[in-house]
Structure formats: C-alpha cells, structure tokens
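Per numbering that gives the first Met the number 0: the sequence shown = residues 0 to 349.
A short write-up of the structure that comes next.
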Amino acid sequence: MSAVAVHLDRLTRRFGALTALDELDLDVAPGELLALLGPSGCGKTTALRLLGGFDRPDAGRVMVGGQDVTNTPANRRDMGMVFQAYSLFPNMDAHRNVQFGLRMRKMGAAQRKARADEVLDLVGLADHAGHYPYQLSGGQQQRVALARALAIEPSVLLLDEPLSALDARVRNQLRAEIRAVQQRLGITTLFVTHDQAEALSIADRVGVMHDGRLEQLGTPEEVYDRPATPFVAEFVGTMNHVAGRVLAGGRLEVLGSSLKAIGADGQQQGGMVEVLVRPEALEAVADEHGHAIVAERTFLGSLTRMRVTLDDGADLLIDVATRRGLPEPGARVAVRVTSEDALVSGPSTP
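Shown next, in the form of structure tokens:
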C-alpha cells in the first residue's frame, strides 16, 4: 500500500451563525496517524467529515495525494471509515460484512473471500468469520468494522471516536491493536477523539482543537510537556493554578523557585500572574516549618496523589511515585516546583 499525504487548506464550515471550522490548515504526512483531540463541538468531527466527503466546506480545499478532492463524492475518495457505532449489517455475518465494500466495487467472489479472510485475520477475527454482530462483543464488532474499512485498501483511514462505546479494558487493548495494524499497513490515518489518553497513546502527532481552530499541533510529548496555550494545558492532563510573580529576564517566582516564564509577554515586572503547573511537576517534603498541610492522600497504584493546602488557602494536587515514608494527611510540608519552566495563563485574580 502506497501512503499518501493529506492537506486541509484553510477549511471553513459554517452552520448558520455557528462557525464549526475557521480556516483550518492541517497536514498529515504519508503513513502518519494524526489524532484530532478536543471537546464536543470543537470542529474535529467536522474536519473528518470534510476529508471523507460526507460534507462540503464553505471555503478551502481538501487535498489527498496532491489531488484536489474537495468536490469529489465520498464513494470516489478511496477512504475507509470506522464510526463510533460499528454500523454493521445485522443480517450479515462478519465475513459478509467485510465483503460489502468489495461487492460494491464489483470484485469477483473468489477475490472478495480471499480479501475478507486476509483482513479478518489481520484484526484477529479469523475464527469469528461466520458470527453475526449479535454474537460478537463490542470490541469484536469494532474489529469487524475496522476490517471492513481496510478491505477496500483505502488510501486514507478515518476513525471517528471508534473506541468511545467500549469499556476501559477493551478500549485500551483495541487502541493498541489499531495502532499495530496502522503501522503494519503504513496507511495515512486521521483519528478523532475527545479522550486525551487515547490521543497521546496512539498518535504520531496530536492536533488539539478549540472553537473550530487548531490550538496546537505536535508530538504527544510536545503537547503534554510544552502546551502552546492555556486551553491546551488545561485540556491535556491535569493542571494546578498557582500564583507567580514576574521577575526580570523572562522568569517567574513560583512557590519560592525561579522558573523560565512561558506566555508572560506584556506582564509587568513584579506583577502577580496565574501560573499552570502539572501535579507531577511539584513535590512535597515533610517540613515542620513548611507552608502547606497535606489534606488527603489517594493511592493510584504506582502513583500517589496528594492534595495539599497552602497557608494562603489554595489547594494543589501533587503526583509522586508511591513509596514508603510519604507525608501523611495532616503533616506540614514544603512544596516546590521541580520543572524548569511554567506557563502563564494570565494576570492573577484577586
């Protein structure tokens, strides 16, 4: 399978007064799995539908493999689609469900059977070819849906919240299987999800969307460790809101530490700002003269989450490796920042 590049060129889509997509520019490299992540209504599914040909933009172009397909019907775009709700034919067994797209393309019966056998084996369902949807679990049904999308050997694979209807254990297993299949085939893939863990674990790059715009596009590590905006920081992972004081030279004083300031442009030296710090970028050390008290401690397996209350009344979450000797609830602690930088979300509120 020869991988193709995808380019969404200043795509705009409006529904009445609502702008679902606002001049979206997005490039997906050949063979890349790119996840579009964001809350409901952010425009991610609209972007996927425009790419798949299920909707038309008000402005902009859809380019696939260097060809403009903006006005090409969905059934001529050579794309495989996997929906949230499986969408299998209940009166067909898994084998015939997978063959459906091939039959629409007038492929011969022997070729259809061989291709269906191949992709069902690829998704681990060779032994379930004769089962009907009601005889399959949710995860197995979604595997059939994936096999059906792959059977036509599409140039682009589109996945619209494909795992959200599954329980956590099956979801984790199936996303790893989808990633393995995608890498094995080298197929260009757009994966739409609202689940941050899903996007970070499966994608080569993640695009975080908000109000029809792309807030940040980068590797999972970049998006998590170096969020470009306060929205990205808040949406991807957990954040503490901490007071900070602007220092000279683009630095901040936060909880007694001097950190490199991100997003502090225009803030006056000596002024107070609100800073975003992740729970794992804080540590609490038992100290009878410390400026915080451990309010509660929650065991999360390899991690323990502590909620501490500063002397000024602010609460902070701190994630640390579970070990013996962690401060108990009621203990006084000193809290410090272990990262080298911090993101300013805006002026400090009174």
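Each residue gets a CB set at the ideal place from its N, CA and C atoms; glycine is no exception.
*Straight-line CA distance for PRO38 to ASP21?*
Translated into the one-based positions of the sequence shown, residue 38 becomes position 39. Translated into the one-based positions of the sequence shown, residue 21 becomes position 22. Take the alpha-carbon of PRO38 and the one of ASP21: they are about 16 Å apart.
*Excluding five sequence neighbours on each side, which residues of the same chain lie with their C-beta closer than 8 Å to the C-beta of PRO346?*
Position 347 of the sequence shown holds residue 346. Only residues of its own chain outside the window of five on either side were considered, and among them GLN266, GLY270, MET271, VAL272, GLU273 have a CB closer than 8 Å to the CB of PRO346, listed in chain order.
*If we count the other Cβ atoms within 10 Å of its Cβ and call it buried at 16 or more, is ASN74 buried or exposed?*
To locate residue 74, count along the sequence shown from 1; it is residue 75. ASN74 should be labelled exposed.
*Status (buried if at least 16 other CB within 10 Å, exposed otherwise) for THR187*: For the purposes of this step, residue 187 is taken as the residue at position 188 of the sequence shown. So THR187 counts as buried.
*DSSP state of HIS351, grouped into three classes?*
The displayed coordinates of the chain run from 0 to 349. Any statement about residue 351 would go beyond what the structure contains.
*Leaving out five residues before and five after THR240 in sequence, what residues of the same chain have Cβ atoms less than 6 Å from its Cβ?*
Within the sequence shown, residue 240 is the residue found at index 241, counting from 1. In the sequence as displayed, the identity of residue 240 is His instead of Thr. GLU273, listed in sequence order.
*asked:* As an exercise, report each continuous beta strand (DSSP E) stretch of at least 3 residues that is fully enclosed by the stretch 20-46, in chain order.
replied: The beta strand (DSSP E) runs of length 3 or more contained entirely in the stretch 20-46 are, from start to end of the chain, 32-36.
*Over the uninterrupted alpha helix (DSSP H) stretch that includes GLN140, give me the two end residues.*
The sequence position of residue 140 within the sequence shown is 141, counting from 1. For GLN140, the enclosing alpha helix (DSSP H) stretches over residues 137-150.
_My output table needs one value for SER1: the three-state DSSP class, helix, strand or coil._
By 1-based counting over the sequence shown, the position of residue 1 is 2. Three-state DSSP puts SER1 in coil, outside helix and strand.
*Which residues in the same chain as LEU135 place their Cβ atom closer than 6 Å to its Cβ, once the five residues preceding and following it in sequence are excluded?*
Looking up residue 135 in the sequence shown gives position 136. The same chain holds no residue with a CB closer than 6 Å to that of LEU135 once the five nearest residues on each side in sequence are set aside.
_Taking the straight line between their C-alpha atoms, what separation do you get for ASP159 and ALA285?_
Numbered from its first residue, the sequence shown carries residue 159 at position 160. Numbered from its first residue, the sequence shown carries residue 285 at position 286. Straight across, the Cα-Cα distance linking ASP159 with ALA285 is about 47 Å.
*Looking at C-alpha atoms only, which residue of PHE298, ALA294, ARG170, ALA320 is the closest neighbour of THR308?*
Reading the sequence shown from its first residue, position 309 is the one you call residue 308. The residue from PHE298, ALA294, ARG170, ALA320 with its alpha-carbon nearest to that of THR308 is ALA294.
*asked:* So, does the stretch 242-259 touch the stretch 225-232, judging by three or more C-beta pairs under 8 Å?
replied: At 8 Å Cβ cutoff, the stretches do not touch.
*Between which two residues does the alpha helix (DSSP H) harbouring GLU295 extend?*
Reading the sequence shown from its first residue, position 296 is the one you call residue 295. In the DSSP annotation of this structure, GLU295 is not part of any alpha helix (DSSP H); the continuous beta strand (DSSP E) holding it starts and ends at 291-299.
*Span separating the alpha-carbon of ARG102 from that of ARG48*: Stepping through the sequence shown from its first residue, residue 102 is reached at position 103. Stepping through the sequence shown from its first residue, residue 48 is reached at position 49. The straight-line gap from Cα to Cα measures roughly 24 Å.
*Nearest to LYS112 by CA position, among LEU121, THR11, HIS94, is which residue?*
Sequence index remark: in the sequence shown, residue 112 carries index 113 (1-based). Answer by Cα proximity: HIS94.
*Check whether the Cβ atoms of SER344 and LEU275 sit closer than 8 Å, and answer yes or no.*
On the sequence shown, residue 344 is found 345 positions in, with the first residue counted as 1. On the sequence shown, residue 275 is found 276 positions in, with the first residue counted as 1. Their beta carbons are under 8 Å apart, which means SER344 touches LEU275 by this criterion.
*Could you tell me which residues DSSP puts in a beta bridge with ILE352?*
Only positions 0 to 349 of the chain appear in the structure, and residue 352 is not among them; the question remains open.
*By DSSP, does GLN83 sit in helix, in strand, or in coil?*
Taking the first residue of the sequence shown as 1, we reach residue 83 at position 84. Residue state for GLN83 is assigned as coil, using DSSP reduced to three classes.
*Could you tell me whether the stretch 173-183 touches the stretch 209-221, using the rule of 3 or more Cβ pairs below 8 Å?*
Judged by Cβ distances under 8 Å, the stretch 173-183 makes no contact with the stretch 209-221, as fewer than three pairs qualify.
_Inter-stretch contact (C-beta, 8 Å, three-pair minimum) for the stretch 194-203 and the stretch 2-19_ = Counting Cβ pairs under 8 Å, fewer than three are found: no touch.
*Can at least three beta-carbon pairs, one atom from the stretch 42-62 and one from the stretch 22-30, be found at a separation below 8 Å?*
Between the stretch 42-62 and the stretch 22-30 there are three or more C-beta pairs closer than 8 Å, enough to call the two in contact.
*asked:* For ALA128 and LEU162, what's the separation of their Cα atoms in angstroms?
replied: On the sequence shown, position 129 is the one that residue 128 refers to. On the sequence shown, position 163 is the one that residue 162 refers to. Distance between the alpha carbons of ALA128 and LEU162 is about 21 Å.
*asked:* Using only the alpha-carbon positions, how far apart do ASP92 and MET106 sit?
replied: In the sequence shown, the residue the question calls residue 92 occupies position 93. In the sequence shown, the residue the question calls residue 106 occupies position 107. So the alpha carbons of these two residues sit roughly 19 Å apart.
*Any idea if GLY324 is buried or exposed, counting beta-carbon neighbours within 10 angstroms, 16 or more meaning buried?*
Here residue 324 refers to the residue found at position 325 of the sequence shown. With fewer than 16 other Cβ atoms within 10 Å, it is exposed.
*With DSSP collapsed to three states, give me the class of ARG323.*
Your numbering for residue 323 matches position 324 in the sequence shown. Here ARG323 sits in coil by DSSP.
_I'd like the span of the alpha helix (DSSP H) that includes ASN239, first residue to last._
Working through the sequence shown from its first residue, we reach residue 239 at position 240. Here ASN239 belongs to no alpha helix (DSSP H); instead the beta strand (DSSP E) covers 239-245.
*Taking only the alpha-carbon atoms, compute the straight-line gap between ARG304 and LEU251 and give it to the nearest angstrom.*
For the purposes of this step, residue 304 is identified with residue 305 of the sequence shown, where counting begins at 1. For the purposes of this step, residue 251 is identified with residue 252 of the sequence shown, where counting begins at 1. Note on geometry: alpha-carbon atoms of ARG304 and LEU251 lie some 26 Å from one another.
*Any heavy atom of the ligand PLP within a distance shorter than 7 Å of the CB on VAL245?*
Among the components modelled here there is no ligand, and therefore nothing to report on the ligand PLP.
_Classification of TYR350 by the beta-carbon crowding that lies within 10 angstroms, buried from 16 upward_ = Outside the displayed span of the chain (0 to 349) sits residue 350, for which this structure offers no information.
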